[in-house]
Amino acid sequence: MILLTFLVGLCFSSVSTAPREKRVLDGTPVPIGVHPFFVYVEDAESSCGGAIIGDRWVLTAAHCFNADDEVTIYAGINSPIVQKYRARKISWYKKFDESDGLSDIILLETARPIEFNAYVQPIDLAQEEIEIGQSVITMGYGVTDVEMAETSNKLLQLQGNVLSPEECNIADSYERVSTICFQAQNMGNVCSGDSGGPLLAKDSSGKLRKLLQERKKFTKSKLEALEEENKALKAQNAVLTSKLQRISLCIQCAAIANEALSISNLVVPWSPPSVATVDPDKAAPSDIGGVAPVLEAESLGNEGPVRLGFQPFAASPVAHISETYDMPYALNLAFDGPESLLSAHTYGACSAYEHGTTVVSTNQSAQTLGSEEMSPVGHFAMPSSALSDSSNLYQAVTPPLNTFPMSDALELFKSLAWKVYFFLVNISFEIYNHFQTKEVVSKPRNPLLLLSAQKLVQKLKAKEVTSTDIVKAFIKRIEEVNPIINAAVCKNFEEALDKAQKCDEELENVEANSEEMEKIYAEKPLFGVPFTVKDSMEYKGLNVTCGVTARKGIVSKETAPTLQKVSNAGAILLALTNVPELCMWVESSNHVYGRSKNPYDSRRGVGGSSGGEGALLSAAGSVIGIGSDIGGSIRIPSLFNGVFGIKTTQDLVDAHLHIPKDMDKGGIRKELAVIGPMCRYAEDLPIMLKAMAPEVYGPMKVDEPMKLEGLRAYYITHLPGNEKEPVDWEIAKGLKNVVRHLEMDVGMRTERVHFDEMADTFNMWLAAMDGRGSGYPTFAEHATNYKYSLNLSAELIKAMIGQSDHTVAAIVGGIAEANPPFDFDGRDKLLERLRTLRTQIHNLLADNAILVFPGWNTPAPYHNQLLLTPNNCCYTALWNIMSTPVAVCPLGLNRDGIPVGCQIVGAPNSERLLVSVAQELERKFGGMSPMMKDMMEHPMWMWFHTTLNDTVLFKFWTVKTVGVMVLSCFIVFVMGVSFELLKWFRWRLEVTQRQTSSHGTRTNYRQKLLSLSHFAQSVLFGVQIVVSYFLMLIFMTFSVWLCIAVTAGAAVGYYLFGSRELPRQPHADRRMAAPQTSESPMSCCG
């Protein structure tokens, strides 16, 4: 049986914590998926454990919560699938009083049914009594180091054996009748944060069940200490304060006196439901797979028995009486109508210095509570004074709770250090590229270039256009944009025009939209439509270099099977597109063809390794293309260039004749590398998949949309760990919009999940890529086209001075490949962790579930910037090692006109589902976006507004929150004041200069120009002009708040410094003072 208890630690902290925040002293970690009934419950101030006892009910401790706070329940907390519920109704036991802790019982009713699965299940109730010496287990996320206030980030459990009252033999006030004492095997104990957690024991069949009882857990030494403190206080005639009351409570274990009602045993079996989701208000009892306890109390006064019964979830309100059992381990009881549930809990106390015996209290007697005595729906009956006097006691048994663990301090320092590093990297590249020329390709003017492959096929079938017209249009576009983006590196124009001409000749005598035309396109669905492919897949007659200088001039003798299938579908190859050297980096640059540039901003990268493909598609130089992906090589270019792409399920698309060679052979790398489509439009994804692998995607019916309503959509907002840049706010906002749309508009059930194991994604991917001992060629051999092995160290030195035929990124990648940061044992451990995480992901995505994930944590970075932030690759490499298909969906442009997007992850072989989701997101968010050259680069509000969404003067000065707006207004106010201050300084300099020249010295023009005073005035005038223009531009944001700040600053500045006049010259003053007369001076003669 499971002895269900709710733990309450005397070192309890009232500070709320996150569901997975660190939280049984000296406990051992609980394996993932074990104890699926355990829940984590929190409100605004505190957090506790609890247990699921029904599809809408959770049992926990009442003292955990304050009145009027919203309570959140996290189910499946010890698993990768965390379910979040809000407590709709909270039922308090009438006799609960925080001052003495009696009847500390609460029932939480969730706002929606709890969805049971392998990680979330209700707990079985006890059928047998607990025995002396029986093994028990308790668990929780509570404090693990009282002195340091340190907690665990995993669910910990503590195992022990039940002791007899004689063995326990502690303080005189210890209530032997209503308590159970057990000895922890490792001298551990329960503590703060463990409140509400269960105590488990096995029944005679060996199955874990719970015994509904009220429990309190204490170490023997701590109880003795409390008893001594109690006696000391009494000896000193101390006032019976709240602290003393609580100490007495701890010793007595909250026995409820003067209660004479006996409680019967309760059995509620559970089996997995036969239906995935069941509405308990509508489903039949057989659909639920379990029953809820129902209580009917006979009005027999204080001595009458309470009889417990069983009732199906969907049954009528009439309760049926079942057989009654006597049970010495009774519990406090709370119920609300026929579907009421029983409750009980455990108190836990922990010592900072001594651990050992734990005492568990149970009430021998209890009292019933009718529904009319329960709290109203949505309200708490807890006294408002709850927890108000608890701080003294907590301080008496624990160190101060503001103790900051050193490990947390180090983590905080590392986090801040990484943030500073990323800030410096970003600001450095921003400043440098501010002075670089930005080029943006123009929007195509030929309407054919703006059509999807599906629509081009429709026009060909209707004979509204010829294949030659289409091919010529794309050739012209490539010649137009390639000087800017350098994406098409090996052109196949002549062969393309020849095939287009043959296509037109074959269709010349076929009627438009006739049965014969339909038959032709049923066999060749892409007949007459051009496509492109990255420069890494063999195509007969073309020089496929893969960016390796040693492969220049080598002409392929055969065509890769996948390209042959696409050609057999009627598609016409136009060109090969640029890649990084050996496809080994995320920026498409090599010493054969140079660097490709982003169509939206030539200063930024196109991604890799299918970067040229992504750029050409984005620039309308192609409509459909083919890429490969071993760490994100399809998805990164799709994200950076704003197009659609799919990383297919491993082994579904033939990867033979791909360079580097042997990628299709056995080993772990084969599990990573895939071939997939890249398209401007989501509607072209299914036709490309069927063309690339018709034997797979035909039966899969990828071209038939799936109904998404009712399916589950999980989402992850970011990867754990500090070594990766934080997710850009506009990317995070786009992901949030996707989740909201899928939930509100599409009707999918969304749920956020978290995997701590993903923090080590980069090392797991490196372990999967480690080819040591496999016979797989190394980079040093690939780079010379297998002629010899390259000296990487020497080559790196040559690359630093510009004398190498190989890129720095490729050489560094080769050195990292030859010197992985782990040995063989370390690699095996990483691979084992990888497989465990992969199993969890596959289980999560079973039954047509998807996972919404950030496409990349930043928009397309500037050229070479990723050399300093390589761990960002984890956002795509993760899904290669998870062996899942992934679709990339563009979500529009950010404020700088750069594409942003997200990844949609599915279970293996779920490409049909991913295509359906991609098409839905394209419908909602618009898919491909036009280049910024054809749009206003920095759209402005042209009317006064109070909205917090402005960019002020510089790109980094964005105002989106109240705090930033207040700070911005203060800065602008100071600028307004400084404008008048600068004028005042100029006036003072002018006054000083005039006063100097008034002392009988005349200053000529040349002397004035060379004077220090005049130079200072000129500098101040220049600064004043800059400030005045800044104020004007700030006013032109039309933000009411910023305009007020400008006006107020200028007014205050004039008030303080605006009243001034220049001094008069002395000789002028004398002239003005002399009496003026027109009369001649008088004379006399005599």
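Read in order, the letters of the sequence shown are residues -17 to -1, 1 to 1069 in mature numbering (1 follows the signal peptide of the UniProt record, and there is no 0).
Think of the CB as a built atom: it goes at the ideal place given N, C-alpha and C, for glycine as much as any other residue.
Tell me, which residues are paired with residue i by DSSP?
i, result
"residue 1076", "Residue 1076 is absent from the structure shown; the chain starts at -17 and stops at 1069."
"residue 30", "25"
"residue 941", "934"
"residue 514", "556"
"residue 735", "698"
"residue 414", "In DSSP, residue 414 forms no bridge with anything."
"residue 661", "608, 628"
"residue 873", "884"
"residue 845", "587"
"residue 183", "120"
Classify residue i: buried if its beta carbon has 16 or more other beta carbons within 10 angstroms, exposed otherwise.
i, result
"residue 33", "buried"
"residue 40", "buried"
"residue 906", "exposed"
"residue 331", "Confidence in residue 331 is poor, its pLDDT being 34 and thus under 50, which makes the residue's placement too unreliable to answer from."
"residue 492", "exposed"
"residue 935", "buried"
"residue 140", "buried"
"residue 520", "buried"
"residue 1039", "exposed"
"residue 712", "exposed"
"residue 1012", "exposed"
"residue 502", "exposed"
"residue 818", "exposed"
"residue 1077", "As shown, the chain starts at -17 and ends at 1069. That puts residue 1077 outside it, with no answer to give."
"residue 19", "buried"
"residue 940", "exposed"
Checking 8 Å against the spacing of the C-beta atoms, do residue i and residue j come in under that value?
i, j, result
"residue 557", "residue 525", "no"
"residue 962", "residue 1033", "yes"
"residue 590", "residue 575", "no"
"residue 833", "residue 785", "no"
"residue 1085", "residue 573", "In the structure as shown, the chain begins at -17 and stops at 1069. Residue 1085 is therefore absent and cannot be evaluated."
"residue 58", "residue 106", "no"
"residue 855", "residue 973", "no"
"residue 627", "residue 873", "yes"
"residue 562", "residue 595", "yes"
"residue 969", "residue 1000", "yes"
"residue 788", "residue 944", "no"
The alpha helix (DSSP H) with residue i in it runs from where to where?
i, result
"residue 722", "712 to 724"
"residue 504", "498 to 506"
"residue 788", "Neither: residue 788 is in no alpha helix (DSSP H) and is coded neither H nor E."
"residue 495", "Per DSSP, residue 495 belongs to no alpha helix (DSSP H) and is neither H nor E."
"residue 582", "It is not in any alpha helix (DSSP H) - residue 582 carries neither H nor E in the DSSP assignment."
"residue 453", "450 to 468"
"residue 1014", "995 to 1018"
"residue 522", "Residue 522 -> no alpha helix (DSSP H), and no H or E assigned at all."
If I follow the unbroken beta strand (DSSP E) through residue i, where does it start and stop?
i, result
"residue 630", "627 to 630"
"residue 886", "882 to 889"
"residue 836", "833 to 837"
"residue 698", "695 to 698"
"residue 40", "40 to 43"
"residue 472", "471 to 474"
Quick one: does residue i have its CB under 8 Å from some CB of chain D?
i, result
"residue 36", "Here chain D cannot be found, since the structure has a single protein chain."
Query raised in the report: Touch check for the region 797 to 805 and the region 750 to 758: three-plus C-beta pairs under 8 Å?
Result: yes
Query - Cβ contact (3+ pairs, closer than 8 Å) linking the region 601 to 615 and the region 508 to 523 - result: yes
Query raised in the report: Counting Cβ pairs, one atom from each stretch, are 3 or more of them under 8 Å apart for the region 10 to 27 and the region 58 to 66?
Result: yes
Report task. Spell out a yes or no on whether the region 870 to 887 and the region 618 to 636 are touching, meaning 3 or more CB-CB pairs, one atom from each, closer than 8 Å. Result -> yes
Query - Touch test, the region 672 to 690 against the region 835 to 846, Cβ-Cβ under 8 Å, three pairs minimum - result: no
Query - the region 730 to 738 in contact with the region 698 to 705 per 3-pair CB rule at 8 Å - result: yes
Query raised in the report: Quick check: the region 428 to 439 against the region 407 to 418, are there 3 or more CB pairs under 8 Å?
Result: no
Query raised in the report: Can at least three beta-carbon pairs, one atom from the region 811 to 826 and one from the region 736 to 747, be found at a separation below 8 Å?
Result: yes
Query raised in the report: Touching or not, the region 482 to 490 and the region 441 to 460, by the rule of three or more beta carbon pairs under 8 Å?
Result: yes
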